[in-house]
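Trainee: One structure, pasted below without further comment.
Below you can see the structure in the form of structure tokens.
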């Protein structure tokens, strides 16, 4: 399947949506992207697994990364794509092939005011170990080096800066078994876990402003389990708590905070990932915000995204994609076609002004 | 295997302990019991599955039932039986072959002051549907008819009167899903379940005196579960609550009480069984208490036992067995040999005074 990069960005979006690329099965789309990019003499193109990296080398004083994942969640009877009015429907339209199409259109620019590294990477929607951007960052971190990075993840056409960190802990409450006919002989761990839920219910999440954007933390039970048998006083209850924390705290800070909040309980860290500061004060980032429409077009990203990989390398990074995040992974996923054009236009202005 | 009913009750206990009879596999023991009883001309013996029923027919004004189950929980490297000092160790010694041995010794009495129906029944330790006493009660309830019933369940050598009822309900708490990065968009059902645990923690169980015996109720969470995924605010949490209630309340009363306690929640009854009043004021029961040693020898039974089946038929019933209930189902189960002799002696006195 050949990709015609001369068609308009909406038609190009539809074309790549129609090349099915569920996580782990991106080869056909990676092949098409690689072939199209190799035809452009101003780019140096590399292939690594099903990730395609294309770089300009104009000797500019700044380099920026523009990145997008080419995989989608499983198709849910929502392919091939179809247009209804101003909307393009289909699996992966907003998350994030509309963004990938914008990347491809930008990649055709023979001359830009900044050197650009384009990433088209695989396996973002599944376990982190298979994530193409993570792999390149681990094996060839020099390829990620830049003054600023834009991920084309769906952000509703505005800039989402940074991302919150996430940490999950198991809070274990112990008791003592007894027959439920003589419950006072034991100690009910589920009842005792009520005190953990009290802590969660009383918790006041912070809403700190970091680099000019307001974040909004959260502390929530995501699982609870306890119980031995229908006639036994349970001796253990585990509450799994997910804390989403603003990027003014490190992962270590967040763990320390949770151990304070749950003082006296057995707290085990299940997993965690640091957040990322928006970094919008960096000149390259500020220029991007200006080109997109100013500070009113920026808000904090509350979920965790791959921008944190750039942040970990000291590179400011934002999400900016035409998709609507709330439609991601839904059967009725669509993207507003005018937003794809607007996204391309603004990115082009930023790179060519 | 032949059973010699002329040996003393301790030796007889050891003999029947050594005939393995895990629930569902009681045939050998039922055969031995049937054969031994058929040799006694004063008894009418019937076999129903692996349940053996033997009746005297002396035309007495009162009839009593003396019943015991012949099955055990699975053997746990604790057979054959062994004697250490005053203790007989082995699977099923206390629960309840010592009681069955007492029954068999009593059954040899050609003349008693009350007519007696002896039940030796199968499958008490497993699912209720297979319980031999339940089956006879369902198919031939006339065989259970009596003025009073004694179950030889382990009761530590004292009388345990009646039994508490039990009811389990699921208390379901609903919420609304959201991504845990934007938790305020949803409603956390696990957090809301904290209010259910508050109710349980604050609950003051009754300790009512019923027919002269003090019961002790309980209201406990026995299971809790909730959670969708590690990054999702959960929309459902279910707390399974077990209420043990004194026999001055019916099962319907208990359900009504729980619906009041958990007003505003979705309450579903999972299962339940009525309790049984001690009924010790009935003349036949009072005579039994007197023969055993008076009111100080009686306490309330807090767990549920098959006495409730008699209670449901309007027949007062008690537990009275030489076993120690706390040792039931343990690897180191044993019975105090002097208690077996004492149990036989007192029962014999009651039936022959």
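Chains as they are written, first to last, in full-length UniProt numbering: chain A, 1 to 353; chain B, 1 to 353.
Even glycine gets a Cβ: it sits at the ideal position worked out from N, Cα and C.
Excluding the 5 residues preceding and the 5 following residue 68 of chain A in the sequence, name in chain order all residues of the same chain whose CB lies nearer than 6 Å to its CB.
Mentor: Counting only Cβ-Cβ distances below 6 Å, and skipping sequence neighbours, we find 96, 99, 100, 103, 152.
Trainee: Anything in chain B within Cβ reach of residue 198 of chain A, meaning under 9 Å, just list it in chain order.
Mentor: Simply 194, 197, 198.
Trainee: Which ranges would you report for the beta strand (DSSP E) in the segment 250 to 331 of chain B if only whole runs of at least 3 residues count?
Mentor: DSSP runs (the beta strand (DSSP E)) wholly in the segment 250 to 331 of chain B: 266 to 273, 298 to 300, 317 to 319.
Trainee: Does the segment 186 to 206 of chain B come into contact with the segment 188 to 198 of chain A, if we say contact requires no fewer than three beta-carbon pairs (one atom in each stretch) closer than 8 Å?
Mentor: Verdict: yes, contact present.
Trainee: Hey, is residue 218 of chain A's beta-carbon within less than 7 Å of any beta-carbon in chain B?
Mentor: At least one chain B Cβ lies under 7 Å of residue 218 of chain A.
Trainee: At a CB distance below 8 Å, what residues from the segment 21 to 33 of chain B approach chain A? Give them in sequence order.
Mentor: Per Cβ criterion, the list is empty.
Trainee: Under 9 Å between beta-carbons, which chain A residues line up against residue 227 of chain B? List them in chain order, please.
Mentor: Under the 9 Å cutoff, chain A gives 221, 222, 223, 224, 225, 240.
Trainee: So for residue 8 of chain A, helix, strand or coil by DSSP?
Mentor: Residue 8 of chain A: coil per DSSP, three-state reduction.
Trainee: Answer yes or no: do residue 277 of chain B and residue 211 of chain B have a C-beta to C-beta separation smaller than 7 Å?
Mentor: Yes, the Cβ-Cβ distance between residue 277 of chain B and residue 211 of chain B is below 7 Å.
Trainee: Please confirm if residue 299 of chain B has its CB atom under 7 Å from at least one CB of chain A.
Mentor: No, because no Cβ of chain A sits closer than 7 Å to the Cβ of residue 299 of chain B.
Trainee: Please classify residue 144 of chain B: is it buried, with 16 or more other beta-carbons within 10 angstroms of its beta-carbon, or exposed?
Mentor: The residue in question, residue 144 of chain B, is buried, as its Cβ has 16 or more Cβ neighbours within 10 Å.
Trainee: With a CB to CB cut of under 6 Å and the five nearest residues on each side skipped, what residues in its chain are close to residue 275 of chain B?
Mentor: Only 163, 164, 165, 247 meet the Cβ criterion.
Trainee: Decide yes or no for the touch test of the segment 307 to 327 of chain A against the segment 84 to 91 of chain A: beta carbon pairs closer than 8 Å, at least 3 of them.
Mentor: In short, these stretches do not touch, since the Cβ pair count stays below three.
Trainee: Just by C-beta distance, which residues in the segment 158 to 187 of chain A are closer than 8 Å to chain C?
Mentor: Of the chains in the structure shown, none is chain C; the protein chains are A and B.
Trainee: Since I believe residue 194 of chain B is in contact with residue 235 of chain B (beta carbons under 8 Å), could you give me their beta-carbon distance rounded to a whole number of angstroms?
Mentor: 16 Å between Cβ atoms; not a contact.
Trainee: Given a threshold of 16 other Cβ atoms within 10 Å of its Cβ, counted over all protein chains shown, does residue 229 of chain B qualify as buried or as exposed?
Mentor: Its Cβ having fewer than 16 others within 10 Å, residue 229 of chain B is exposed.
Trainee: Where are the alpha helix (DSSP H) runs, 4 residues long or more, that stay fully inside the segment 26 to 62 of chain A, in chain order?
Mentor: If we require 4 residues or more, the alpha helix (DSSP H) runs fully inside the segment 26 to 62 of chain A come out as 27 to 38.
Trainee: So, at 6 Å on beta carbons, what are the nonlocal neighbours of residue 282 of chain A in its own chain, with the 5 sequence-adjacent residues on each side left out?
Mentor: 316.
Trainee: Contact check, residue 288 of chain A vs residue 9 of chain A under 8 Å by CB: the rounded distance?
Mentor: With a Cβ gap of about 19 Å, residue 288 of chain A and residue 9 of chain A do not count as contacting.
Trainee: Residues of chain B with CB closer than 8 Å to the CB of residue 191 of chain A, please, in chain order.
Mentor: Ordered by position in chain B, the residues that pass the 8 Å Cβ test against residue 191 of chain A are 197, 200, 201, 220, 221.
Trainee: Where do the N-terminal and C-terminal ends of the alpha helix (DSSP H) with residue 126 of chain A fall, by residue?
Mentor: No alpha helix (DSSP H) holds residue 126 of chain A; DSSP gives it neither H nor E.
Trainee: Touch check for the segment 331 to 341 of chain B and the segment 298 to 313 of chain B: three-plus C-beta pairs under 8 Å?
Mentor: The segment 331 to 341 of chain B is not in contact with the segment 298 to 313 of chain B.
Trainee: CB residue 72 of chain A to CB residue 21 of chain A, shorter than 7 Å?
Mentor: A contact, by the Cβ cut-off of 7 Å.
Trainee: Report yes or no: do the segment 104 to 112 of chain A and the segment 21 to 31 of chain A share at least 3 C-beta pairs separated by less than 8 Å?
Mentor: Not touching, per the Cβ criterion.
Trainee: Among B:258, B:105, B:63, B:123, which one has its Cα closest to the Cα of residue 6 of chain B?
Mentor: The candidate whose alpha carbon is nearest that of residue 6 of chain B is B:105.
Trainee: Would residue 302 of chain B count as contacting chain A if we go by Cβ distances under 7 Å?
Mentor: Yes, its Cβ sits closer than 7 Å to a Cβ of chain A.
Trainee: Which residue comes first and which comes last in the alpha helix (DSSP H) that contains residue 344 of chain B?
Mentor: That run of the alpha helix (DSSP H) goes 337 to 352.
Trainee: When the Cα of residue 65 of chain A is compared with those of A:242, A:117, A:169, which residue comes out closest?
Mentor: When only C-alpha atoms are compared, the closest one is A:117.
Trainee: Would you report the Cα separation of residue 249 of chain B and residue 267 of chain B, rounded to the nearest angstrom?
Mentor: Residue 249 of chain B and residue 267 of chain B: Cα-Cα distance of roughly 19 Å.
Trainee: So that I know if they touch, is there some Cβ in chain A lying closer than 7 Å to that of residue 230 of chain B?
Mentor: Answer yes: the Cβ-Cβ gap between residue 230 of chain B and chain A drops below 7 Å somewhere.
Trainee: Whole angstroms is fine: what's the gap from residue 290 of chain A's alpha carbon to residue 155 of chain A's?
Mentor: Going by the C-alpha atoms only, they are around 17 Å apart.
Trainee: Which residues in chain B have a C-beta closer than 9 Å to the C-beta of residue 363 of chain A? List them in chain order.
Mentor: Coverage of chain A is limited to positions 1 through 353, which leaves residue 363 of chain A absent and any answer about it impossible.
Trainee: Count the other CB atoms, across all protein chains shown, that sit within 10 Å of the CB of residue 217 of chain A; report buried if there are 16 or more and exposed otherwise.
Mentor: Buried: at least 16 other Cβ atoms inside 10 Å.
Trainee: What residue range is occupied by the uninterrupted alpha helix (DSSP H) comprising residue 159 of chain B?
Mentor: Here residue 159 of chain B belongs to no alpha helix (DSSP H); instead the beta strand (DSSP E) covers 159 to 161.
Trainee: Would you please state the rounded distance, in angstroms, between the beta carbons of residue 34 of chain B and residue 47 of chain B? I believe it to be under 8 Å.
Mentor: Indeed, because the Cβ distance is near 5 Å, the residues count as touching under 8 Å.
Trainee: Using alpha carbons as the reference points, say which of A:344, A:222, A:129 lies closest to residue 182 of chain B.
Mentor: Closest by alpha carbon: A:222.
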